[in-house]
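Student: Residue numbers (my numbering), protein chains in the order written: chain Z, 216 to 360; chain H, 46 to 707; chain F, 82 to 406.
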Amino acid sequence: MSMNNEFRPKIVAFCCNWCSYAGADLAGSSRLQYPADVKIIRVPCSCRVNPMFILRAFEKGADGVIMCGCHPGDCHYSTGNYYARRRMTLLFSMLEYLGIENGRTRVEWVSAAEGVKFSTTMNEFVDKIRSLGENVRLGDLRCKD
Amino acid sequence: MQRIGVFVCHCGSNIAATVDVKKVVEIISQEPGVAHCEDYQYMCSEAGQAKILEAVKEKNLSGIVVCSCSPRMHEGTFRKAAERAGLNPYMVEIANIREHCSWIHKDMEEATEKAVILARAAIAKVNLNAPLYPGESRVTKRALVIGGGIAGIQTALDIADAGYEVDIVEKTPSIGGRMSQLDKTFPTLDCSACILTPKMVEAAAHEKITIYTYSEVDKVTGFVGDFTVDIRKKARSIDMDKCTGCGVCQEKCPSKKTPSEFNRGLNTRSAIYTPFAQAIPNVPVIDREACIKFKTGKCGLCEKVCQAGAINYEQTDEIVTEKYGAIVVATGFDTIKLDNYDEYAYNQSPDVITSLELERVMNAAGPTKGHLERLSDGKHPEHIVFVQCVGSRCNDNRGKSYCSKICCMYTAKHAMLIRDKYPDVKVTVFYIDVRTPGKNFDEFYRRAVEEYGVNYIKGQVGKVAPQSDGSLLVQASDLLDNKQIKLKADMVVLATAIEPDPSVRRIATMLTASIDTNNFLTESHAKLRPVESPTAGIFLSGVCQGPKDIPETVAQAGAAAVKAIGLLAKDKLLTNPCTAKSDELLCNGCSVCANVCPYGAISYEVVQVNDHGIREDRRVARVNNALCQGCGACTVACPSGAMDLQGFSNRQIIAEVDAICR
Amino acid sequence: MQRLIDRAKELLADGTVVRVLGWKKGDLGFNPEPAYFETAEALDSDFIYDGFCGANLSKYMIEASKKDGKTLVFLKPCDTYSFNQLIKEHRVDREKAYIIGVGCKGKLDIEKIKAMGVKGILSVEGASMDSECETLTVKTLYGDKEVSYNEAMLERCHVCKGKEHQIADEVMLESRDTKDAERFAEVEKIEAMSPLEKFEFFKKELSKCIRCNACRNVCPACSCRKCVFDSTKFDEATKANVDSFEEKMFHIIRAFHVAGRCTDCGECSRVCPQGIPLHLFNRKFIKDIDTFYGEFQAGEDTETKGPLTNFTFDDVEPSIVTERG
């Protein structure tokens, strides 16, 4: 597969330790396939994900960034994902406003029991990023002519 | 720069079959900062860990990266190995190349490339790791058990027998739970009450056990070893100290039309009631929705007849606040609602009942005093049809995907008991599979078929139609004979799926304990930590974790108790050192971090700082390490970047991002 | 203006305050700047308050709060939002400030006058608080030119938040209604563009940035002791490397850092030497916050939790951004 010239996106997935990272583990132990383009970074909670990290990933060449956390109401720290939800909503809206293609960012709530959801989500997200192609705009935002 | 040792695990063929571990070693050896890199068959083995010790000594390593299974699996193992090698345990990072790589990819080249990138990210992170030191927190030597069924009672008894105080919170007026509603138990056919009541009495009499019935958990704060819980004692309208349990009030109560919860609505109870005769405590409650005094202000008969003067209409809910070191959830189950299953005519005919309702019918204290009779006309049935898997093992959204586990056995029990007591009654059971794994279970089922002549038909019931003569027409398929059959029955009993008690959702949220898509509480590890919630200090007992029969429930209740005891036996707990930390030179003192902290772990103080020669008094944030649980909400809220999370610092995460995107 | 000077002298004389934070005349007739005054003489000779005194003095109160004694500060209605926000964030000491809320008739933007083709400007008449604020007479090397006051106003005054001071010990001088545009009209215009148009628009604007940090330095919400862009807390490697992360993301991150705290005072756009409409970032966040979480005006009071330090259980999901199309 990797031999041809097919576009291989760089995708960063931030996963909270308690739900989504465990959900990703479950996807693994259930042998549910998703593309190797996805690389997971473990964070204690979705509320640890600074919008700066996401912008950083884009600036360094990521084509898509997804954040996964516990379902609202089920946060290990009670309220972390509620703050994360607001932060990401505003960030995504700002990215859209800047003309960054919709869909390069995503938030999905994945519980520790949702291995299937994790892998389905990753498959969908990779498909979406592949259809969008390489991310040039965010890396290019302040390039002087 | 750290001197990093990287260890790549084969995990037998689990990793090595998909990831070219030799190639990973070859590439990673060239990474800056990597002073040592090797692969090994099983890094978690004694020999694997010895390799870490050896390399740390020989190469003077300061940081370790293990490319292996999930950190949720062996991070602890490798941290301990690092500690034995003289390193700080927090100088270890795991690259998860099994669950997140070898197990989900098939192409070796791709998987190897990804494994290298994951290793680089871990190397980039460990480069910025700093030694961390856990703090200590105290343990309150008292346990809370939520739920007073057999699971909760057994857990409480075991913890109390070990010498620790235990409180049971039960939402209904009596402990006893579902087991108290059962008539006989499989596979020995003991009378349920005969084996449960002594346990209830023992729990009530135990000097270390406090029972809060008609009470609910209102609020939970704190963390392992140090939970603070608000228990709402709902207004019983009875002074528990005065009531003698004589029962006169219940006899005299003129409001007797409320469906009895205990008898599953098959008969009624008075507004002032105890759910059943052996209730503990034997103190009634007034159901204020049904009570004439509460509805109209008139009546007050119970107050007049109560010799002890125990009736108190003015009573209000009371909040008891108590501290606990451990919490055991034992919230049990209920049967599912059958609204989605119109084909069984459950809502149309009183002669279609659930198995739990049949338990009440068969019970001498039940609505029919134990006589097997049709609830519509009181006639003795000639033919009873049992339907298995009603709402269990369901592929559509009407029911539950899982097997309720207990139905095959209790149906065999019901069939056998009926055939034993009423040899004239014909019994037919429709099943998909008969599942009887358990000690003496299959023998029990075979006796039902062979000795008691119960007619088992493999097939599903498509429709139950009430007939004008009062009988029920059962249409079903017989899969073994491959034909459609129609049977005339007098009663149909539905082996209704069980589901976690609906109260568990609220409780799980309060405890921040995770639940699965079916609302069963999730265990920390499906095989190795089956009675622990992933949330520290929370343990699982009984059906709240998954369907179970009584012996399994009692076994798990004991296991949960032992885990709780193991926690309570400690005087101090080591706290997670991955806590937030504020740099006082960068802190604005703006309070935004405290606003988002769920634990109240951040306070402010005015300190004199020396900021590059400028000495001034500043308001700065202080993190209480015993309270901080390390979520990191504050770190993102902090505009200046003064607040950072140890072990997951901004620079560490950015280094991982950079390594992945490079 | 003389009334302000007289009142300031009184408060200095009776010991209520030990210094005055106001505006002093600049070297040209249209570039006053923030200044401290400690004597009656200094006030008499240098103090000015006219249509060009756009500078928001709230942020200077952070430093003034550390000094001994009270400071008299003049705040325009819109500046008082910033001051409240700074109280909320414990950055200024209310007890150290004596606030005179000054009226405002709309502040002027010399760049707008220049953009009208007026060259060689020497001074501008008709900007004083006593004037009718209808026309300005611009004295230039090439003679006098008449310019409409309203057309020379700062963008922010066209979307003025109102004449009310949110906090003040006393209020002096009359204000004028200047609002004649919708606050979010510009944002909506951009929202209506295609993704590529948006991107080209912002790329063009942001490419002008010279990273002079004027926006950051003037912003009352950007009051960190040390800016994340200057610290090594996030990334050491980029410090020596200008063409990288912070360079590209500076304005987006800055806007995010002040989201929910920005009062929309418009100072960032006012001071930008390159004329980048920086307020368009902040105002987008404000618009989104209003839409998603209910209307919120930072600095309206000193207590309410900011929208990013708050939540409700049924907040919208981030997917709303893609779903709304």
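Glycine residues also receive a C-beta, built at the ideal position from the N, C-alpha and C atoms.
Restricting to runs no shorter than 3 residues, where is the beta strand (DSSP E) found entirely within the region 114-142 of chain H?
Tutor: Segments of the beta strand (DSSP E) lying fully in the region 114-142 of chain H: 137-141.
Student: May I ask you to report which of helix, strand or coil DSSP gives residue 243 (chain H)?
Tutor: Within the second sequence, numbered from 1, the residue matching residue 243 (chain H) stands at position 198. In the structure shown, residue 243 (chain H) sits in a helix (DSSP, three-state: H, G or I).
Student: Near residue 62 (chain H), which residues of its chain fall below 6 Å by C-beta distance, leaving aside the five closest residues on each side in sequence?
Tutor: Taking the second sequence and counting its residues from 1, one reaches residue 62 (chain H) at position 17. Excluding sequence neighbours, residue 62 (chain H) sits near nothing in its chain.
Student: Could you check which residue in H:555, H:630, H:78 has the C-alpha nearest to that of residue 267 (chain H)?
Tutor: Against the second sequence, residue 267 (chain H) aligns to sequence position 222. Ranking the options by Cα distance to residue 267 (chain H), first place goes to H:555.
Student: Restricting to runs no shorter than 3 residues, where is the beta strand (DSSP E) found entirely within the region 207-239 of chain H?
Tutor: Here the runs fully enclosed are 210-214.
Student: What's the gap between the Cα of residue 264 (chain Z) and the Cα of residue 621 (chain H)?
Tutor: The sequence position of residue 264 (chain Z) within the first sequence is 49, counting from 1. The sequence position of residue 621 (chain H) within the second sequence is 576, counting from 1. If I take the Cα positions, the gap works out to 20 Å.
Student: Ends of the alpha helix (DSSP H) at residue 486 (chain H)?
Tutor: Taking the first residue of the second sequence as position 1, residue 486 (chain H) is located at position 441. Taken as a continuous stretch (DSSP letters only), the alpha helix (DSSP H) holding residue 486 (chain H) covers 486-495.
Student: List the residues of chain H that residue 332 (chain F) touches, going by C-beta distances under 7 Å, in chain order.
Tutor: On the third sequence, residue 332 (chain F) is found 251 positions in, with the first residue counted as 1. Those do not exist, as residue 332 (chain F) stays about 15 Å from chain H at its closest Cβ, beyond 7 Å.
Student: Which residues in chain Z have a C-beta closer than 7 Å to the C-beta of residue 403 (chain F)? List them in chain order.
Tutor: Here residue 403 (chain F) refers to the residue found at position 322 when the third sequence is read from its first residue. By Cβ distance, chain Z contributes 317, 318.
Student: Tell me which residues of the region 232-253 of chain Z have at least one Cβ-Cβ distance to chain H shorter than 9 Å, keeping chain order.
Tutor: Going along the region 232-253 of chain Z in chain order, one finds 232, 233, 234, 236, 237, 239, 240, 241, 242, 243, 244, 245, 246, 247, 248, 249, 250, 251, 252, 253 with a Cβ nearer than 9 Å to chain H.
Student: Say whether chain Z places a C-beta atom closer than 7 Å to the C-beta of residue 699 (chain H).
Tutor: Working through the second sequence from its first residue, we reach residue 699 (chain H) at position 654. Yes, contact with chain Z.
Student: Taking a cut of 7 Å between CB atoms, which residues from the region 135-156 of chain F lie near chain H?
Tutor: Per Cβ criterion, the list reads 147.
Student: For residue 293 (chain H), does the count of other Cβ atoms within 10 angstroms reach 16, so buried, or fall short, so exposed?
Tutor: Here residue 293 (chain H) corresponds to residue number 248 of the second sequence, with the count starting at 1. Counting Cβ neighbours within 10 Å, residue 293 (chain H) comes out exposed, since fewer than 16 surround it.
Student: Excluding the five sequence neighbours on either side, which residues of its own chain have a C-beta within less than 8 Å of the C-beta of residue 231 (chain H), listed in chain order?
Tutor: Start at 1 with the first residue of the second sequence, and residue 231 (chain H) comes out as number 186. These residues qualify, in order along the chain: 454, 455, 457, 458, 486, 489, 594.
Student: Between residue 706 (chain H) and chain Z, is any beta-carbon pair separated by less than 7 Å?
Tutor: Position 661 of the second sequence holds residue 706 (chain H). Answer yes: the Cβ-Cβ gap between residue 706 (chain H) and chain Z drops below 7 Å somewhere.
Student: Compute every distance between the C-beta of residue 654 (chain H) and the non-hydrogen atoms of the ligand ZN, then say whether any falls below 6 Å.
Tutor: The ligand content of the structure shown is nil, which means the ligand ZN is not present either.
Student: So what's residue 355 (chain F) in DSSP terms, helix, strand or just coil?
Tutor: Taking the third sequence and counting its residues from 1, the one referred to as residue 355 (chain F) is at position 274. In this structure, residue 355 (chain F) counts as coil in the three-state DSSP scheme.
Student: Taking only beta carbons into account, state which residues of the region 625-636 of chain H come closer than 8 Å to chain F, listed in chain order.
Tutor: Of all residues in the region 625-636 of chain H, 628, 630, 631, 632, 633, 634, 635, 636 have a Cβ within less than 8 Å of some Cβ in chain F.
Student: Within 10 Å of its beta-carbon, does residue 321 (chain F) have 16 or more other beta-carbons around it, so buried, or fewer, so exposed?
Tutor: Taking the third sequence and counting its residues from 1, one reaches residue 321 (chain F) at position 240. Low per-residue confidence applies at residue 321 (chain F): pLDDT is 47, beneath 50, and the placement is therefore not dependable enough to give any value.
Student: For residue 161 (chain F), which three-state DSSP category applies?
Tutor: Against the third sequence, residue 161 (chain F) aligns to sequence position 80. Helix, per DSSP.
Student: Where does the unbroken beta strand (DSSP E) through residue 256 (chain H) begin, and where does it stop?
Tutor: Residue numbering aside, residue 256 (chain H) sits at position 211 when the second sequence is read from its first letter. Where residue 256 (chain H) is concerned, the enclosing beta strand (DSSP E) stretches over 254-257.
Student: At which residues does the alpha helix (DSSP H) containing residue 285 (chain F) begin and terminate?
Tutor: The count along the third sequence starts at 1 and reaches residue 285 (chain F) at position 204. 276-287 is the extent of the alpha helix (DSSP H) around residue 285 (chain F).
Student: Considering only C-alpha positions, which residue in the set F:366, F:299, F:384, F:180 is nearest to residue 42 (chain F)?
Tutor: Coverage of chain F is limited to positions 82 through 406, which leaves residue 42 (chain F) absent and any answer about it impossible.
Student: Does the beta carbon of residue 303 (chain Z) sit closer than 7 Å to a beta carbon anywhere in chain F?
Tutor: Taking the first sequence and counting its residues from 1, the one referred to as residue 303 (chain Z) is at position 88. For residue 303 (chain Z), the answer is yes, since a Cβ of chain F falls inside 7 Å of its Cβ.
Student: If we define contact as Cβ-Cβ less than 7 Å, is residue 314 (chain Z) a contact residue for chain F?
Tutor: Stepping through the first sequence from its first residue, residue 314 (chain Z) is reached at position 99. For residue 314 (chain Z), the answer is yes, since a Cβ of chain F falls inside 7 Å of its Cβ.
Student: Taking the alpha-carbon positions, what's the residue 277 (chain F) to residue 191 (chain F) distance?
Tutor: Indexing the third sequence from 1 puts residue 277 (chain F) at position 196. Indexing the third sequence from 1 puts residue 191 (chain F) at position 110. Between residue 277 (chain F) and residue 191 (chain F), the C-alpha separation is close to 33 Å.
Student: Using a Cβ cut-off of 9 Å, which residues of the region 361-390 of chain F contact any Cβ in chain H, in chain order?
Tutor: Flagged, chain order: 386, 387, 389, 390.
Student: Taking the continuous alpha helix (DSSP H) assigned at residue 336 (chain Z), which residues delimit it?
Tutor: Walking along the first sequence from the start, residue 336 (chain Z) turns up at place 121. Unbroken alpha helix (DSSP H) run through residue 336 (chain Z): 330-347.
Student: Quick one, which of Z:340, Z:352, Z:353 has its alpha-carbon nearest residue 224 (chain Z)'s?
Tutor: For the purposes of this step, residue 224 (chain Z) is identified with residue 9 of the first sequence, where counting begins at 1. For residue 224 (chain Z), the nearest C-alpha among the options comes from Z:340.
Student: How big is the Cα-Cα spacing for residue 360 (chain Z) and residue 288 (chain F)?
Tutor: What you label residue 360 (chain Z) is simply residue 145 of the first sequence in a count that begins at 1. What you label residue 288 (chain F) is simply residue 207 of the third sequence in a count that begins at 1. Low local confidence applies: a pLDDT of 44 at residue 360 (chain Z) is under 50, so the model's placement there is unreliable, and no value is given.
Student: Exposed or buried, which one is residue 216 (chain Z) when buried takes at least 16 other CB atoms within 10 Å?
Tutor: Here residue 216 (chain Z) refers to the residue found at position 1 of the first sequence. With a pLDDT of 41 at residue 216 (chain Z), under the threshold of 50, the predicted position of this residue should be treated as unreliable, though the coordinate-derived value follows. Residue 216 (chain Z) comes out exposed.
Student: Could you list which residues in chain Z have their beta carbon closer than 8 Å to that of residue 314 (chain F), in chain order?
Tutor: Locating residue 314 (chain F) in the third sequence gives position 233, where the first residue counts as 1. Result: empty, since nearest Cβ-Cβ is about 11 Å, beyond 8 Å.
Student: Contact between the region 340-353 of chain Z and the region 127-136 of chain H is defined here as three or more beta-carbon pairs at a separation below 8 Å; is this criterion met?
Tutor: As far as the Cβ criterion goes, the region 340-353 of chain Z does not touch the region 127-136 of chain H, which means the pair count is below three.
Student: Using only CA atoms, which one of H:445, H:225, H:467, H:428 lies nearest to residue 516 (chain H)?
Tutor: To locate residue 516 (chain H), count along the second sequence from 1; it is residue 471. Among H:445, H:225, H:467, H:428, the Cα nearest to that of residue 516 (chain H) belongs to H:428.
Student: Hey, would you say residue 240 (chain H) sits closer than 7 Å to residue 222 (chain H), going by beta carbons?
Tutor: In the second sequence, residue 240 (chain H) corresponds to position 195, counting from 1. In the second sequence, residue 222 (chain H) corresponds to position 177, counting from 1. The answer is no: Cβ separation not under 7 Å.
Student: Give the range of the alpha helix (DSSP H) segment to which residue 364 (chain F) is assigned.
Tutor: Here residue 364 (chain F) is taken as the residue at index 283 of the third sequence, counted from 1. Residue 364 (chain F) -> alpha helix (DSSP H) spans 360-374.
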